[in-house]
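Down below is the structure, laid out as structure tokens.
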Amino acid sequence: MAQKNLPMREAVRAALHEEMVRDDRVFVMGEEVGAWQGTHRVTRGFLEEFGARRVRDTPISEMAIAGVAVGAAMAGLRPVAEIMTINFAFLAFDAIINHAAKIHYMFNGQFTVPLVIRAASGWGDQATATHSHTPEPIFAHFPGLYVACPSTPADAKGMLKAAIRDENPVLFTESIGLYRKPGPVPEEDDYVLPIGVSDVKREGSDVTLVSYAQGVDWSLQAAKQLADEGIEAEVIDLRWLRPLDLEPVFESFKKTNRCVVVEESLPHFSFGSEIAAQIQEHMFDYMDAPIKRVSAMDVPLPYAREIELMALPNAQKVVDAVKEIV
Amino acid sequence: MTMQSVTLDKQRLLDWYRQIVLIRKFETKCDELYREKRITGVYLHLYSGHEAVGVGSVAALRQDDHVITAYRDHGIALARGMDPNRAMAEMMGKRTGVSGGKGGSMHLASRELNFWGGYAIVAGHLPLAAGIALKERYTDTDNVVLCLLGDGSSNNGYFHESLNMSAVWDLPVVWLIENNFVGMGTRIEDSSGQTELVKRAIAYGMKEGPRVDGQNVIEVYDAVSEAIDYARKHGPVLMEALTYRYKGHGVSDKQFDEREDLRHELEDWEANKDPINILGSILRAQDSDIEPELTRIAAEADAVVAEAVEYAENSPAPTYDDLINNIYVG
Ligand SMILES: Cc1ncc(C[n+]2csc(CCOP(=O)(O)OP(=O)(O)O)c2C)c(N)n1
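Chains as they are written, first to last, in the numbering used here: chain Y, 374 to 699; chain U, 12 to 341.
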């Protein structure tokens with residue numbers, strides 16, 4: 374298949390573009406998606422190409438962006454609503470959780486909500502406490518919603534196309550730290566990945582690293598470093614926090630008997646807690662060491678670069694955690 | 012307000028009378044069933060007192076128009092033509108309920124009637140209404156969304172964001188505030204700087220609609236018809252219907268038992284501004300021989316409600332399969 378080297382933001386743009394060309398019901402709405410060309414340039418050129426009917430600049434109204442998109446989806450459109458960064462999704466939390474995720478269930482299937490909410494996630498350079506969140510696991514807490522967290526440009530394309538075509542509401546997060554990172558992306562229009570399927574990003578037999586999004590990147594870097602020291606890490610990218618596909622993790626654990634969970638988010642009631650709990654529940658007989666977790670430190674994120682970096686996970690912290698159990 | 016002659020058609024008025032009486036009897040029965048613990052749970056918000064607002068406004072809609080409301084939704088559901096049996100079954104959490112017993116009293120809906128449901132997060136349904144209207148604009152139809160909301164719902168952020176967006180995008184929504192002058196217990200003077208709520212339309216550059224007497228179904232119908240006509244052609248309208256809730260906020264509300272001033276207020280509305288009496292007087296003034304017909308309508312409503320109760324009580328409870336289905340599509 375033909376491939377092109379693209380940074381993730383261009384892969385997301387390509388997916389969105391292809392789906393808008395394919396289906397008139399697909400439209401984008403959000404702050405600065407039109408005239409400004411998108412805060413992260415994902416919708417660059419869209420207003421000019423598709424017009425104001427399908428590229429809708431909204432007021433700074435997160436509750437309404439999410440809520441209006443829910444209503445439009447119920448009524449038969451396929452909105453792709455952009456929340457500028459996930460930090461502002463807290464204002465939209467009610468519409469996403471109480472309505473997008475629950476309407477299909479609470480009216481017993483009478484309505485569907487084929488909605489995608491895209492949000493850039495993660496910390497940037499000294500973005501500080503209110504602008505450095507990675508709360509994907511919080512959203513994944515609630516049944517009724519899917520949560521997609523791609524780690525490569527190709528996955529971003531295939532997963533976003535799947536999300537747009539699916540009948541269920543999807544929160545689709547895009548790691549700011551990965552936006553510029555290039556990777557090969559299949560060019561064909563029908564590159565649609567299945568929803569809720571994990572991917573083994575690197576094979577290895579000594580330890581299993583479980584992660585998603587930015588954490589996959591650190592895990593792969595760590596694996597490389599560990600390989601130099603003779604430790605082979607298997608890296609599993611969950612890709613979707615809901616539906617959660619842990620089969621490959623369990624399979625991997627059967628041969629490695631050791632696991633480090635790598636997450637960009639905070640440790641308290643976290644992704645790492647959930648994965649560790651599930652491994653001990655299902656794989657107790659295979660366990661040779663405690664499950665380790667690498668997460669952000671349990672602090673609000675500060676401004677000063679030295680202590681900001683101290684609080685965040687990275688490849689070295691993954692290497693260190695692996696060495697504690699191998 | 013100009014009276015539209017069609018509204019004075021006798022058959023039409025009798026049909027509205029039938030609906031208002033049915034809703035009143037349905038709600039009175041729900042109240043009774045709740046006290047007898049045949050309807051359970053904590054939430055049951057009755058529409059008694061508000062009937063003319065729901066009946067008059069829903070009557071102004073076409074079949075392909077839409078309606079959406081908050082948790083005080085029984086009256087809207089019945090006015091839109093929901094089968095009372097299936098509405099009552101939902102109150103009792105039965106498998107045969109409109110929402111399969113999974114929604115309850117606050118979450119009645121009927122996709123086929125374009126009744127998009129009752130919602131329990133105050134004002135949370137407002138952006139949904141705007142979104143449904145966006146679909147109609149997007150696909151270039153002239154269908155309209157009627158969004159009912161309480162006066163209390165005009166004070167959270169959803170109200171501001173949804174009304175503003177509907178104005179910016181010229182969405183075909185009639186925002187109809189059922190102003191009963193109180194949230195749960197907090198009076199409108201204590202919650203809104205501007206108590207004439209339609210005035211907020213000015214802030215959004217939106218058409219300011221009238222404040223109508225919500226107890227007179229003809230006035231409601233005429234004013235909402237005009238607003239719908241405007242919304243179809245131009246964009247959103249904000250209007251109010253002034254009304255009163257007879258049964259407190261919800262069935263567990265004891266305010267009328269505890270406060271004499273509220274009791275007097277209620278007695279005044281019941282005696283002088285009751286929607287059944289008001290429409291009954293109009294019908295009697297038109298036709299002095301109508302009494303037997305009105306009596307017959309009331310008896311029929313009793314029978315419909317009795318049948319609904321029987322249907323609901325004889326229906327099965329949802330099962331484990333129901334518990335776990337319809338979380339996701341497919
Ligand atoms: C966001 C939110 N806050 C608070 C509540 C609790 N609550 C339920 S109904 C209500 C009063 C609403 O009053 P109003 O909108 O006037 O409607 P009414 O009950 O009078 O029909 C409150 C505060 C809620 N359900 N949702």
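Backbone N, C-alpha and C fix where the C-beta goes; we use that ideal spot for every residue, glycine too.
Between residue i and the rest of its own chain, which residues show a CB-CB distance below 7 Å, the 5 nearest in sequence each way excluded?
i	result
Gly531 of chain Y	Tyr564, Val565, Leu566
Phe267 of chain U	Gly259, Leu273, Arg274, Leu277
Met12 of chain U	Residue confidence is low: Met12 of chain U scores 42 on pLDDT, short of 50, so the model does not pin down where it sits. Its coordinate-derived value is still stated next. Around Met12 of chain U: Pro221, Glu230, Asp233, Ala234.
Asp661 of chain Y	Asn630, Arg631
Whole angstroms are fine: how far does the CA of residue j sit from the CA of residue i?
i	j	result
Arg686 of chain Y	Pro510 of chain Y	For the sequence presented, residue 686 of chain Y should be read as Pro rather than Arg. Roughly 16 Å between the two C-alpha positions.
Arg386 of chain Y	Tyr676 of chain Y	31 Å
Leu25 of chain U	Leu119 of chain U	26 Å
Pro690 of chain Y	Trp591 of chain Y	A small correction: the amino acid at residue 690 of chain Y is Lys; Pro does not occupy that position in the sequence shown. Spanning the two alpha carbons is a distance of roughly 9 Å.
Gly161 of chain U	Ser643 of chain Y	39 Å
Phe37 of chain U	Val109 of chain U	16 Å
Ile143 of chain U	Ala445 of chain Y	5 Å
Phe461 of chain Y	Ala493 of chain Y	10 Å
Pro616 of chain Y	Ser571 of chain Y	10 Å
Val489 of chain Y	Val443 of chain Y	9 Å
Glu421 of chain Y	Asp528 of chain Y	27 Å
Tyr552 of chain Y	Ile335 of chain U	37 Å
Arg429 of chain Y	Arg451 of chain Y	13 Å
Gly114 of chain U	Thr107 of chain U	12 Å
Phe657 of chain Y	Val692 of chain Y	24 Å
Val64 of chain U	Phe545 of chain Y	41 Å
Ala100 of chain U	Ser292 of chain U	34 Å
Asn541 of chain Y	Ala513 of chain Y	14 Å
Ala310 of chain U	Val32 of chain U	10 Å
Gly129 of chain U	Val156 of chain U	14 Å
Gly60 of chain U	Asn227 of chain U	11 Å
Since residue i contacts residue j with CB under 8 Å, what's their CB separation in whole angstroms?
i	j	result
Val441 of chain Y	Ala595 of chain Y	About 42 Å; that fails the 8 Å criterion.
Arg122 of chain U	Phe484 of chain Y	6 Å
Lys11 of chain U	Ala242 of chain U	The structure shown does not extend to residue 11 of chain U, since chain U spans only 12 to 341, so no value can be given for it.
Glu405 of chain Y	Met457 of chain Y	7 Å
Trp27 of chain U	Ala70 of chain U	7 Å
Leu249 of chain U	Glu219 of chain U	6 Å
Val634 of chain Y	Arg666 of chain Y	5 Å
Leu593 of chain Y	Arg575 of chain Y	6 Å
Phe419 of chain Y	Val394 of chain Y	11 Å between Cβ atoms; not a contact.
Relative to ligand 2, is the shortest distance from any of its heavy atoms to the C-beta of residue i smaller than 7 Å?
i	result
Glu318 of chain U	Among the ligands in the structure shown, ligand 2 does not appear; only ligand 1 can be found there.
Closer than 8 Å by beta-carbon distance: list the chain Y residues that pair up with residue i, in chain order.
i	result
Ile338 of chain U	His477, Tyr478, Pro516, Gly517
Ala140 of chain U	Gly444
Ser110 of chain U	Met479, Phe480, Asn481, Gln483
Gly135 of chain U	Gly440, Asp467, Ala468, Asn471, His472
Using C-beta distances below 6 Å, list every residue in its chain close to residue i, excluding the 5 sequence neighbours before and after it, in chain order.
i	result
His56 of chain U	Tyr82, Arg83, Gly261
Phe515 of chain Y	Ile470, Ala474
Ser177 of chain U	Ala141, Val184, Pro247
Val316 of chain U	Lys36, Phe37, Lys40
Glu455 of chain Y	Gly403, Val406, Arg491
Ala388 of chain Y	Lys530, Leu533, Lys534
Ser173 of chain U	Leu137, Pro138, Ala141
Check the Cβ of residue i against every Cβ in chain Y and list those closer than 9 Å, keeping chain order.
i	result
Trp186 of chain U	Correct list: empty, because the minimum Cβ distance to chain Y is about 13 Å.
Tyr169 of chain U	Met436, Ala437, Gly440, Asp467, Ala468
Asn175 of chain U	Pro432, Ser434, Ala437
Whose Cβ in chain U lies nearer than 9 Å to the Cβ of residue i?
i	result
Phe484 of chain Y	Ala120, Arg122, Trp127, Gly128
Glu540 of chain Y	Tyr339, Val340, Gly341
Check the Cβ of residue i against every Cβ in chain U and list those closer than 7 Å, keeping chain order.
i	result
Leu619 of chain Y	Result: empty, since nearest Cβ-Cβ is about 18 Å, beyond 7 Å.
Leu450 of chain Y	Lys146, Tyr149
By the criterion of Cβ-Cβ separation under 7 Å, what are the contact partners of residue i in chain Y?
i	result
Val179 of chain U	Pro432
Ile132 of chain U	Asp467, Asn471
Glu38 of chain U	Those do not exist, as Glu38 of chain U stays about 21 Å from chain Y at its closest Cβ, beyond 7 Å.
Glu207 of chain U	Here the premise fails: no neighbours, minimum Cβ distance about 24 Å.
Considering only residues of the same chain and omitting the five flanking positions on each side of residue i, which have a CB-CB separation below 8 Å?
i	result
Pro673 of chain Y	Ala502
Asp333 of chain U	Arg106, Gly111, Gly112, Lys113
Asp181 of chain U	Arg148, His245, Gly246, Pro247
Interface residues of chain U around residue i at Cβ under 8 Å?
i	result
Met447 of chain Y	Trp127, Leu139, Gly142, Ile143
Arg426 of chain Y	Tyr149
Find the residues of chain C that neighbour residue i, judging by a C-beta separation of less than 7 Å, and give them in chain order.
i	result
Lys113 of chain U	You won't find chain C in this structure, because its protein chains are Y and U.
> Can you find at least 3 beta carbon pairs, one from the region 205–217 of chain U and one from the region 139–157 of chain U, that sit closer than 8 Å?
Replying inline: no
>> Pairs of beta-carbons, one from the region 129–137 of chain U and one from the region 166–180 of chain U, closer than 8 Å: are there three or more?
In response: yes
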